[in-house]
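Quick note, the sequences are listed as chains X and C, same order. Residues 1 to 379 in our numbering are what the first sequence lists, from first letter to last. Residues 1001 to 1394 in our numbering are what the second sequence lists, from first letter to last. Scroll down for the structure; my scribbles are underneath it.
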Amino acid sequence: MPLYHNEDQAMLAETAQQFMGEEGAIGKQLRHWRDRECKDGFGHDLWKQMAEMGFTGVLVPEADGGLGMGHVEAGIVLEEIGRNLTPSPFLTSSVMAATALSAAGDDARGRWLPGLVSGDSVFAVAIDEGPKHRPERIATKAERSGNGFKLSGKKDFVLYGASADMIVVAARTSGSDTDEQGITLFAVPKDAAGVGHNSVRLVDSSMASHLRLDQVELDGDAVIGEVDGGREVLGRMLDAGRVGAAAEGVGVARGAMDMTIDYLKQRKQFGKLIGEFQVLQHRAAHLYSEVEIARAVVIKAQQLLDAGSENASLMASVAKAKVGKAAGLAVKEGVQMHGGIGMTDEYDIGLYMKRDRALAEFMGDVHYHADRVARMSGY
Amino acid sequence: MSDLDAFRSETRAWLEANCPPEMRQPVRDDEDVYWGGRNATFKSDAQRAWFEACRDKGYTVPSWPKEYGGAGLSPAEAKVLREEMAAIGARPPLSSFGIWMLGPALLHFGTEEQKKYFLNQIARGEIRWCQGYSEPGSGSDLVSLQTFGEDKGDHWVVNGQKIWTSYADKADWIFCLVRTDKANKYQGITFMLYDMATPGVSTKPILLISGNSPFCETFFDDVKVPKSYGEGIPAYVGEINRGWDVAKYLLGHEREMISGADSSERGAGIGAALSRNAGGELDPVLRAELAMFDVDALAFSAMGEKFLDEIKVGKTHPAYPNMMKYAGTELNKRRHELLMAAGGSTALEWDSEETRGGAAPRAWLRTKANSIEGGTSEVMLGVVAKRILELPGA
């Protein structure tokens, strides 16, 4: 498959670009909700509009009411979300939870997917148990209790957790913390007794929970996939999240870069446009090349995921790491090249830097993924 | 079975029957590849057999039309052939500047007779070509070249000097940029083709820091270049005084080639192999650098794939090869720095048999030219800044 968008995908990209550029724009969404100290950190109306556009169910099979498309298409939406810094639970709900739910039984799919497709529900995912992403180590316990399970533990960095109607929780049903097997995924409803959130605003104005699970009783239907055999579904959900976060990161990088290049063409110093200075030209060109390479590996990883390739998981980590480097460079160069005004709240470039920082941590940073590439390559 | 599937099985069977096992080893130096030419010798019977089989099948230039010595493969078929050759690790049957550089220029700008005449010779490896572009004093500023061809009616008399003419001492013919109009900077250059045996042409190898001398200085002293080699076969490509158009077109090809966009070897990670060499005992910091390199290399390999896909459908920006050249060569330099670091004292050995005559340090030193030749990294960044990002200034 060629590494560029086919005609249908190019049309979707145009639609998504127009929609996010208008409805998801920084002033209309990010600044709006931030300045009101919105408890959700995103707008439910926008989420409903995204449902009307068909975006929310992009990865949901047609049989379940979705569009039945792939990660390339989900990435198209995510790139525009990234470019406009649009706050939205799209990545956690429509990409990660939807990927996990594709492994769930009819009952769970029937219970959760219609709400996702209609835009009435949002979902969160709870994996991390500390300040760094270490999905190899899961301590949260799920003990058998009657026909169901009792969950106990703590989860961190649960993005939009307090606003979610359902949280996909990775818990341990057997073995010790670092065991490969013994993991089970659960769909935990918002109103289950014993679920508590300490919801905090992050640097990019998004909301994330420190989630407490205190003897949360769930029936057997809450299990997604196999008991004790959740590592495989978790892996797929993580890969979807890695590639999705990478796609959003490419959007952040391109948004920041475009803004910076525009600025280089307008700002005058020493009687010249600063874009005439060779030192800035070369840095801008280097940045462009890094962002282009990051874009290429993201579409490669998306296509491999959609094809079910055995190489997909490796390339998902390559994509997340490469985007981490490229987008990090884009926002740092962006703020620096904007000079003093880059430090002001009034200009948007700083917002890109904040979102990049949050996105870089989400689902593992560049160091985690470079290390994973090494481990998967056998060193 | 689709036609392409059928082509794949035919190709697989043909390669199985025609590619000797010795030709399925990685290329380690120039001698491992046949370069053709009037004075060419084969390193082994296997090398000869592999070359001749490919030549007869049109596989030295698979996508060129049959009438020019190619196999007339469609882009999809050519891709299948590349994939099947890569799958068995087959060496290229013929390496040549004629194939990479002059060929594409002739295909694009040549007359019908000229194509038939030269392209067939290139495809059959009969003439070894070198490229006469750079001159002392006009490195990156190529268009400032001074070598002058004085018009004498049916011929030119060429005087001047070229530098960095790769393998000029081994080449039979040269494709050469010669100024034919001193008043006109860009529209005063002609892209000439002539025999290195013409009286007045001499070459001198330049010894490099790698201890090798693939490059030469080349001198032209009253060299008589005819304007035509027969009916419809001009001794120049394109039009007289419009050679810059040809040169620019060719530089695009050269940059693609140097960038390694079509080389899977440069795109592959190296961490795993180096870790095995070190018995799994890498310093954590070196391991981390290797991991970061592998991320960049695997990502660049996707970039190369995307670039080639986009070229096929004309979706790519004309200055994109400049970006690929920049990124690819910088990556290759980093690769060789890491190979040296992981190799330790073994990688320092210059002349031992075990290190195959210091292959690693020589290759490391050679890569330092990557970001200089074919336009420096700085020139590439300047082109990207101006032509893609459209930043202001000259």
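Ideal placement from N, C-alpha and C gives every residue a C-beta, glycine not left out.
Think of a sphere of 7 angstroms around the beta carbon of residue 2(X): the chain C residues whose beta carbon falls inside it are 1309, in chain order. Neighbourhood of residue 1388(C) in chain X, by CB distance below 8 angstroms: 285 and 288, in chain order. Excluding sequence positions up to five before and after residue 147(X), its CB lies within less than 7 angstroms of the CB of 219 and 220, all in the same chain and listed in chain order. Against chain C, a Cβ distance below 7 angstroms from residue 371(X) picks out 1291. Assigned with DSSP and collapsed to three states, residue 1129(C) falls in strand. For a cut-off of 8 angstroms, the C-beta gap from residue 1147(C) to residue 1161(C) is around 7 angstroms, short enough to register as a contact.
Relative to residue 69(X), the option among 351(X), 347(X), 88(X) and 303(X) whose CA is nearest is 303(X). Interface flag for residue 1305(C) against chain X is set, since a Cβ pair is found closer than 9 angstroms. Any Cβ of chain C closer than 9 angstroms to the Cβ of residue 98(X) would place that residue at the interface, and such an atom is absent.
Between residue 187(X) and residue 112(X), the C-beta spacing is below 9 angstroms.
Using a CB distance cut-off of 9 angstroms, residue 1294(C) counts as an interface residue toward chain X. Minimum Cα-Cα distance from residue 336(X) among the listed residues 291(X), 350(X) and 129(X) corresponds to 350(X). Of all alpha-carbon atoms in 1202(C), 1322(C) and 1283(C), the one lying nearest the alpha-carbon of residue 1250(C) is that of 1322(C). Spatial neighbours of residue 1027(C) in its own chain (CB-CB distance under 6 angstroms, excluding positions within 5 residues in sequence) are listed in chain order as 1033 and 1091. Counting other Cβ atoms within 10 Å of its Cβ, residue 6(X) stays below 16 and is therefore classed as exposed. Look at the stretch 1329–1340 of chain C: it has no residue with a C-beta under 7 angstroms from a C-beta of chain X.
Beta-bridge partners assigned by DSSP to residue 1194(C): 1174(C). Not a single C-beta of chain X is nearer than 9 angstroms to the C-beta of residue 1360(C). In the DSSP assignment, residue 209(X) is bridged to 158(X) and 199(X).
In this chain, residue 1322(C) is not harboured by any beta strand (DSSP E); it is covered by the alpha helix (DSSP H) spanning 1320–1343. Around the beta carbon of residue 1184(C), a 10 Å sphere encloses fewer than 16 other beta carbons of the protein chains shown; the residue is thus reported as exposed.
Taking 9 angstroms as the threshold, the shortest C-beta distance from residue 1313(C) to chain X falls below it. Here residue 1105(C) has 1237, 1246, 1249 and 1250 as same chain residues with Cβ atoms under 7 angstroms from its own Cβ, once five neighbours each way along the sequence are excluded. The beta carbons of residue 1376(C) and residue 1332(C) sit no closer together than 9 angstroms. Boundaries of the beta strand (DSSP E) harbouring residue 1218(C): 1215–1226, taken from the DSSP string. Neighbours of residue 377(X) in chain C, taken as residues at a C-beta separation under 7 angstroms, are given in chain order as 1269, 1271, 1272 and 1294. For the 9 angstroms CB-CB criterion, residue 1305(C) and residue 1320(C) do not form a contact. Judged by their CB atoms, residue 58(X) and residue 80(X) are not nearer to each other than the 9 angstroms cut-off. Rounded to whole angstroms, the separation of the alpha carbons of residue 233(X) and residue 1079(C) is 35 angstroms. Excluding five sequence positions before and after residue 246(X), the CB atoms of its chain that fall closer than 6 angstroms to its own CB belong to 298, 319, 320 and 323, given in chain order. The C-beta distance from residue 1024(C) to residue 1088(C) rounds to 5 angstroms, short enough to meet the 8 angstroms contact threshold. In chain order, 46, 80, 81, 84, 86 and 88 place their CB closer than 8 angstroms to the CB of residue 24(X), counting only its own chain and leaving out the 5 sequence neighbours on each side. Under the three-state reduction of DSSP output, residue 153(X) falls in the strand class. Within the same chain, Cβ atoms closer than 6 angstroms to the Cβ of residue 1364(C) are found at 1336 and 1340, the five residues on either side in sequence being excluded. The way I'd put it, the stretch 206–218 of chain X does touch the stretch 148–163 of chain X; three or more beta-carbon pairs between them come closer than 8 angstroms. Of 361(X), 342(X), 376(X) and 167(X), the smallest CA-CA separation from residue 108(X) is found for 167(X).
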